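Q: Input: one structure, supplied below.
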Amino acid sequence: MALPDLTIDDVLGDVLSALGASNRLVLAAPPGAGKTTRVPLALLDHAPCGDGRIVMLEPRRIAARMAAERMASLLGERVGETVGLSTRIDRRTSKATRIEVVTDGLFTRRLLSDPGLGGISTVIFDEIHERSLSADLGLALALDAQGALREDLRLLLMSATLDTDAVTQRLECSVVESQGRAFPVVTRYLGRDRCPVHEQVARAVRKALAETGGSILVFLPGAADIRRTAEALDMGSTDVTVHALFGALSPAEQDAAVRPVPAGTRKVVLATDIAESALTIEGVSTVVDAGYARVPVYDPSGGAARLETVRASRASVDQRRGRAGRTGPGVCYRLWDEAETRGLAPAPVPDILSADLSGLVLALAEWGERDPGNLTWLDAPPAGRVAAARAALLALGALDGDGALTEKGRAMAVLPMEPRLAALVAGTEDGAQKALAARIAVLSSERGVGGTSVDLAERLARFETERSPRAKALQRQAERWANGQPGGDPGRLIASAWPDRIARARAGEPGVYLLASGQAARLDADTALAKSEWLAVADLVGAAKGARITLAAALAETDALAAGVETVETASFDVATQSLRARRVKQLGAIILSEVPMKRPSGEAARAAILDAIAEYGFAAIRAEDQVGGLVARVGFLHSVFGEPWPQWEAGHLEHAAPHWLGPIITAAPPSPAQVCDALIATLDWPLPQDLAKLAPSTLLLPSGRAAGVDYGSEQGPLVEARVQELYGADVHPGVAEGRVPVTLSLLSPAGRPVATTRDVIAFWSGGYIDMAKDMRGRYPKHDWPDDPSTAKAHEGRTKARL
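Using my numbering, read the sequence shown as starting at 80 and increasing by one per residue.
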């Protein structure tokens, strides 16, 4: 059949030629160019790709489904014939399938099961600029497989906004670019106000309906904002319909938002950023952009990711704006001031730099690679997050001490869910319990299934009775994971799998619970679940100080305490009184069950309390801030003069490392400032401790006989303050660092006020001193102001106070 003309057609020949000459290619084309549906179809009969299956990855299920349905319709077929679809809950393929559209997470699972990707000729990473964690991992593994097993495997990266220069250099591949044919879009800035987002968006939509024609696409942060905006609009008009578009909707609801409207009518589509690039919505000529995005942020304290509303990046708002100019001139209303656009981040932060990497590390362990640095990444996973992920997997029993998969880890790895949920399912052998765990995993990972109740028991009961296509698919999925019958106690199951998620109600704070992990979280105090003293928390969202429980089950106290109660000795250090307080505590993680005061702490408890105080308040906690600061300045001065091996200490680093260098000398009382400095000096390599006093003495002996302190932290270099009379008779200017650096002398009046500064006291006696002395004789006549101070006798220069 004849296909409609699209701008991507102009470069399809270049794409085919490039894939014939190389096994890697980047295709850059703007949104709406047609790359998602046209390129896979063009590759069907492309000889260099062979006759194997073409697999195209999409970052979202809705994009995968719509891409597959669009290509199938262009061929006059149904999905499951030439074009197939595979997602976690929807699989439609056959022996005739040549193009298979899959979600990126499912592709990674397939690659781990079959590293050679048998029967597959080409893998297309669509919308790679979205930089999902699964896509980045899948690409790294595919590159590794291509290099080691499948040199004939073609990898095609398609993007709307990717930095092609950086990517092509990193992957050592060529690039084909399509400029597209975008129509002009007028941008109108409406500014921000203090009203809720949904109210401001509703006003902007009404304005757009009055000033423009055609349909309107609205970008909002999340589903809750979409629902509120829909309620606020309440069009009450037969020629304007309002549709929502986000991932958790049913296919029918999603299709209704995308399909064209009858002539003479208009529609308003309220969408998340899912509509930025992966989907085409017919008839849109106007965009209203609230300027926000919802991004997952991993919270280590809660052991889970939370969705956080942030300002959208410049790349994102530019893509959104372009949606208005796909088929003709358009208008974009931005709900912020024009100057703010310059302050937006250039592009969204890739998931791999901010997300929990435990799933990635688990997949690498299954792949047989323990060092991510051995693979090629668009952005390498941060070492600190990799280490944290390994620690989390070790705690879940997925890895052994060497980083290899355990038997439980292998069972977890094959489950298409994040590791904590996988551990819940894989961690029990009982069939009924495993079935229950599988259903809990579904409810935790799929928003809206089983309703919205926080009470897990209510959600489970409703989930069993739901008959929507999505619910049925998820029920079948849970059965595949479990191979058993539902049953058991959900609270007891969660508590046994995640003891850190056991929570107890806080006295006097309705709805507030303290988790064994130490995190506080709340739920609606009016719910029946809030009457339970103990909970097992399956899911929670929000930052550490504002976490909200979204899914939990009531828990009997006996089941909670069965998770492991311990009795420990704890101590705290009172910074104000410099005293230690001790107690014997019976606890379940961070939940205190009982406590008894003790007369004095043990040495270990005292040490921990003092080090905790230093970590929180710095060396001021033990009144050693000035002394440590002075020592850091002395060593830093020597580093500036001699370089290595003198270190360049920082107070913050020393506080962080205090358990290593200061901890061994702490007993049952805080160390004195002198002891702290001695311990710090002892960390220097020999003979630096011995050289320190010689090269950077803490005091200098003045002609008067007084030892004056040297300030090595002064902007003027090593500085000594002294009354003029204390320096009489000086015939050599003092210096430090073997005389290489002269000391700056700040000369004081008898009243202790600065009157002169010099780095050459000999020259000062015959110069600046003369004018200074004239003034001082009038102001301080009882003091000695000799004509030749170089030969006068030094003294302190003070007068006795009159009685």
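Positions of the beta carbon are idealized from the N, C-alpha and C atoms, including for glycine.
Computed from a prediction, not measured in an experiment: that's the story for all the values here.
If we call anything under 8 Å between Cβ atoms a contact, is P460 one with L475?
A: In this structure, L475 does not lie closer than 8 Å to P460 by Cβ.
Q: Taking the alpha-carbon positions, what's the R103 to L220 distance?
A: Going from the Cα of R103 to the Cα of L220 covers about 14 Å.
Q: Among A635, I133, E537, which residue has its Cα nearest to the Cα of A121?
A: Selected option, being the one with the closest Cα: I133.
Q: With burial defined as no fewer than 16 other Cβ atoms inside 10 Å of the residue's Cβ, what is the status of G857: buried or exposed?
A: The residue in question, G857, is exposed, as its Cβ has fewer than 16 Cβ neighbours within 10 Å.
Q: Using the rule of at least 16 other Cβ atoms within 10 Å of the residue's Cβ for burial, across every protein chain shown, is Q598 buried or exposed?
A: Buried: at least 16 other Cβ atoms inside 10 Å.
Q: CB R393 to CB L423, shorter than 8 Å?
A: It is a contact, given that the beta carbons lie within the stated cut-off.
Q: Around the C-beta of E179, are 16 or more other C-beta atoms found within 10 angstroms, so that it is buried, or is it exposed?
A: Counting Cβ neighbours within 10 Å, E179 comes out buried, since at least 16 surround it.
Q: Using alpha carbons as the reference points, say which of V319, L774, A753, T762 lies closest to H718.
A: Nearest C-alpha to H718: L774.
Q: Looking only at its own chain, which residues have a Cβ that is under 6 Å from the Cβ of R271, when we skip the five neighbours before and after it?
A: Taken in chain order, the residues that qualify are W415.
Q: Any contact of the segment 727-741 with the segment 751-762, i.e. 3+ C-beta pairs under 8 Å?
A: Touching, per the Cβ criterion.
Q: Between A787 and A470, what straight-line distance do the alpha-carbon atoms span, to the nearest angstrom?
A: Taking the straight line joining both Cα atoms gives about 52 Å.
Q: Check whether the segment 265-285 touches the segment 235-255, counting contact only when three or more Cβ pairs, one atom from each stretch, lie closer than 8 Å.
A: They do not touch, by the three-pair rule.
Q: Using 8 Å as the limit for Cβ to Cβ distance, is S793 near chain D?
A: Absence of chain D from the displayed structure is noted, only one protein chain being present.
Q: What's the C-alpha gap between A712 and T656?
A: Distance between the alpha carbons of A712 and T656: 28 Å.
Q: Please name the residue in A600, A283, P341, S437 whose C-alpha comes closest to that of R464.
A: Of A600, A283, P341, S437, the residue nearest in Cα terms is S437.
Q: Tell me whether A369, by its Cβ, gets closer than 7 Å to a heavy atom of the ligand ADP.
A: By its list of ligands, the structure shown contains no ligand whatsoever, and the ligand ADP lies outside what it can speak to.
Q: Report the residue from L441, P408, L457, A552 whose alpha carbon sits nearest the alpha carbon of P429.
A: The residue with the shortest Cα to Cα distance from P429 is L457.
Q: Do three or more CB pairs link the segment 512-521 to the segment 565-584 at distances below 8 Å?
A: A contact exists between the segment 512-521 and the segment 565-584.
Q: Which of helix, strand or coil does DSSP assign to H862?
A: It is coil, neither helix nor strand.
Q: Less than 8 Å between the beta carbons of K665 and V644, yes or no?
A: Yes, they are a contact pair.
Q: Please go through the same chain and pick out, in chain order, the residues whose beta-carbon is closer than 6 Å to the beta-carbon of M80, but skip the five residues on each side of it.
A: Any reading at M80 needs caution, since the residue's pLDDT is 49, under 50, leaving its predicted position unreliable; the model's value is listed next. The answer, listed in chain order, is G155.
Q: Take every Cβ of the segment 290-299, pair it with every Cβ of the segment 348-362, and state whether three or more of those distances are shorter than 8 Å.
A: Yes: the two stretches touch, three or more of their Cβ pairs being nearer than 8 Å.
Q: Taking the CB atoms as reference points, tell me whether I519 and A600 lie closer together than 8 Å.
A: Cβ atoms of I519 and A600: not closer than 8 Å.
Q: How big is the Cα-Cα spacing for P749 and G792?
A: The alpha-carbon atoms of P749 and G792 are separated by roughly 26 Å.
Q: If you count every other CB in all the chains shown that lies within 10 Å of the CB of P138, and 16 or more means buried, which is it?
A: The residue in question, P138, is buried, as its Cβ has 16 or more Cβ neighbours within 10 Å.
Q: Quick one: using the 10 Å Cβ neighbour count with 16 as the cut-off for buried, is K30 buried or exposed?
A: The structure shown does not extend to residue 30, since the chain is modelled only from 80 to 882, so the question has no answer here.
Q: Starting from the Cα of R449, find the closest Cα among L324, G482, A426 and give me that residue.
A: Among L324, G482, A426, the Cα nearest to that of R449 is on G482.
Q: I need the DSSP call for F298, collapsed to helix, strand or coil.
A: F298: strand per DSSP, three-state reduction.
Q: Please list the segments of the alpha helix (DSSP H) lying wholly inside the segment 710-745, counting only runs of 4 or more residues, in order along the chain.
A: Fully enclosed alpha helix (DSSP H) runs of 4 or longer: 730-735, 737-740.
Q: What does the alpha-carbon distance come out to for the pair D863 and G709?
A: Whole-angstrom Cα-Cα distance: 34 Å.
Q: Quick check on DSSP: helix, strand or coil for H874?
A: Correct three-state label for H874: coil.
Q: Rank F698, A700, R555, I141 by C-alpha distance to the C-alpha of D334 and give the top, closest one.
A: For the residues F698, A700, R555, I141, the minimum Cα distance to D334 belongs to I141.
Q: Between G131 and G195, is the Cβ-Cβ spacing less than 8 Å?
A: No, these two residues do not count as a Cβ contact at 8 Å.
Q: How would you call G34, buried or exposed, if buried means at least 16 neighbouring beta carbons within 10 angstroms?
A: Nothing about residue 34 can be reported from this structure: the residues present for the chain run from 80 to 882 only.
Q: Take A426 as the anchor and find which of R390, L454, I745 has the nearest alpha-carbon.
A: Out of R390, L454, I745, R390 has the C-alpha closest to the C-alpha of A426.
Q: Roughly how many angstroms separate the alpha carbons of L824 and R421, rounded to a whole number?
A: Roughly 50 Å between the two C-alpha positions.
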